[in-house]
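Only one structure is covered here, and it is reproduced in the block below.
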Amino acid sequence: MAEDIKEQEFKTLDQKEMGRRVRNRREAKDMSREELAEKLSVSPQFIAYIEYGNKGVSIKRLYLLCQILDVTADYLLAGNVYDSDKDQEAIKVCEEIMGLLKRCNARQLHGIRDIAEIYADGVSGR
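My numbering numbers the first residue of the sequence shown as 904 and each following residue consecutively.
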């Protein structure tokens, strides 16, 4: 069993990518750095450090951050968007979409987000 662990390759935490995900979720929730800082009981500067990937967070703050941003720790830490209710095909499509989105700039991503919201609202009957 110990040999299996040694042979397994593990990902490393990319704090810059984690920070980008924190910023994206904060902005998607229309929340300022000041608002997030207040809810997390830290300074707005600390939030900026997290978003730029210069600082990490404690387990306690990570747990609270996930609740505030309404995401899983797995998403913030590794970018995984898997949901136990999703089937393998849905997971594959999510990964393909993420690959395509990495090629877009911020302006293009805002447009894609707007289109996705319109589509999601339409199919969910909102």
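Heads up, the beta-carbon is just placed ideally off N, CA and C, and yes, glycines get one too.
Everything numeric in this text was worked out from a predicted model, so none of it was measured.
Exposed or buried, residue i, counting other C-beta atoms within 10 Å across all chains shown (16 or more means buried)?
i	result
residue 972	buried
residue 979	buried
residue 925	buried
residue 996	exposed
residue 999	exposed
residue 1031	In the structure as shown, the chain begins at 904 and stops at 1029. Residue 1031 is therefore absent and cannot be evaluated.
Taking 6 Å as the limit between beta carbons, can you name the residues of its chain near residue i, skipping five residues before and five after?
i	result
residue 942	971
residue 920	none
Indicate whether residue i and residue j have their beta-carbon atoms separated by less than 9 Å.
i	j	result
residue 974	residue 1016	no
residue 982	residue 956	no
residue 947	residue 964	no
residue 918	residue 959	yes
By Cβ distance below 7 Å, which residues in the same chain neighbour residue i in space, the five residues on each side in sequence not counted?
i	result
residue 940	946, 947, 949 and 950
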